[in-house]
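In our numbering, the protein residues as written are 3 to 238. Cβ atoms here follow ideal geometry from the backbone N, Cα and C, with glycine treated the same way. Values in this document were obtained by computation on a predicted structure and should not be read as measured data. Below is one structure, written out as structure tokens, with a few remarks after it.
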Amino acid sequence: MATVLVVEDDPLVRSALIRHLAESGHAVRSVGTALEALREVAQVGCDLVILDLGLPDLDGGEALKMIRGVTNVPVIVSTARDDEAEIVRLLNDGADDYLVKPFSGEHLTARMAAVLRRLGAAGPVAPTPLLRVGGLAIDVQRREAELDGRPLDLTRREFDLLAFLAARPGVVVPRREILAEVWRQTYGGDQTIDVHLSWLRRKLGETASNPRYLYTVRGVGVRLEPPAPAGLESRP
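In structure tokens:
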């Protein structure tokens with residue numbers, strides 16, 4: 003079972019979450035503010051965070067960004083906000099999943115199991131310590147990437163996307179799989195993938211019409227492979 007940090011300021015909701023998680027066999031710690039949550043994840047650590055957005059000292063969205071600055075621990079956002087744009091923003095800012103209040107304990111447990119299962123199987127960053135594809139060198143533990151010896155300044159999502167594809171060189175990865183493993187979403191998101199691919203291509207010095215590493219296979223997915231040797235053309 004997992005060690006779970008519950009970040010929730012409402013004492014009734016907090017008690018209900020702790021009771022359900024403990025009865026499900028998880029080890030549970032809880033705090034009521036964003037600053038306490040940051041202290042916990044930085045100094046103690048945990049396997050998963052359940053983060054309420056309505057915290058008294060700091061907006062939960064800002065707390066999420068700060069948590070992402072110190073750890074890659076999976077975060078499930080608990081929110082009363084069901085606005086799609088807001089949810090997309092939270093997922094892009096680093097949330098691994100979300101639940102809209104009110105939700106049942108069984109629903110929470112199922113979402114937790116799915117997030118932990120994905121991370122345990124094949125998360126966005128492969129366990130291989132160093133990935134090399136052509137001139138790309140990706141250190142997944144240090145979360146650093148280089149192209150032809152030059153450091154790449156990548157956002158968290160850009161790094162996750164690049165590492166995920168680089169761990170599968172030459173393989174056309176379906177968009178649905180990219181969405182599930184990198185963004186922790188099970189539907190939608192094509193525009194999000196396209197935007198991040200565009201940003202990543204720019205940093206790799208290529209374009210969709212003139213790719214070096216990233217190839218979009220229309221209607222299927224994305225493939226990363228090294229540039230073809232001089233005089234040879236890569237597959238379309």
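Item: Name the residue from 91, 87, 4, 67 whose alpha carbon lies nearest to the alpha carbon of residue 48.; Value: 4
Item: Identify which residue in 103, 46, 70, 43 has its Cα closest to the Cα of residue 12.; Value: 103
Item: To the nearest angstrom, how far is the alpha carbon of residue 88 from that of residue 196?; Value: 19 Å
Item: By Cβ distance below 6 Å, which residues in the same chain neighbour residue 217 in space, the five residues on each side in sequence not counted?; Value: 225
Item: Indicate whether the contact test is met: 3 or more Cβ pairs, each with one atom in the segment 60–69 and one in the segment 14–24, closer than 8 Å.; Value: no
Item: Can you round the beta-carbon distance between residue 60 and residue 36 to whole angstroms, since I take them to be within the 8 Å contact cut?; Value: 4 Å
Item: With DSSP collapsed to three states, give me the class of residue 13.; Value: helix
Item: What are the partner residues of residue 162, as DSSP defines its beta bridges?; Value: DSSP lists no partner for residue 162.
Item: Alpha carbon to alpha carbon, how far is residue 18 from residue 81? Give it in angstroms, no decimals.; Value: 16 Å
Item: Taking only the alpha-carbon atoms, compute the straight-line gap between residue 137 and residue 201 and give it to the nearest angstrom.; Value: 18 Å
Item: Looking at the unbroken beta strand (DSSP E) that takes in residue 61, where does it start and where does it end?; Value: Looking at the DSSP string, residue 61 is not in any beta strand (DSSP E), and its letter there is neither H nor E.
Item: Buried or exposed, going by whether 16 or more other CB atoms sit within 10 Å of the CB of residue 168?; Value: buried
Item: If I measure Cβ to Cβ from residue 222 and keep anything under 7 Å in the same chain, skipping five residues before and after, which residues do I get?; Value: 174, 176
Item: In chain order, what residues of the same chain lie with their CB nearer than 6 Å to the CB of residue 229, ignoring the 5 residues before and after it?; Value: 136, 214
Item: With distances taken from CA atoms, which of 158, 107, 193, 73 is nearest residue 27?; Value: 107
Item: Consult DSSP for residue 157 and reduce its assignment to one of helix, strand or coil.; Value: coil
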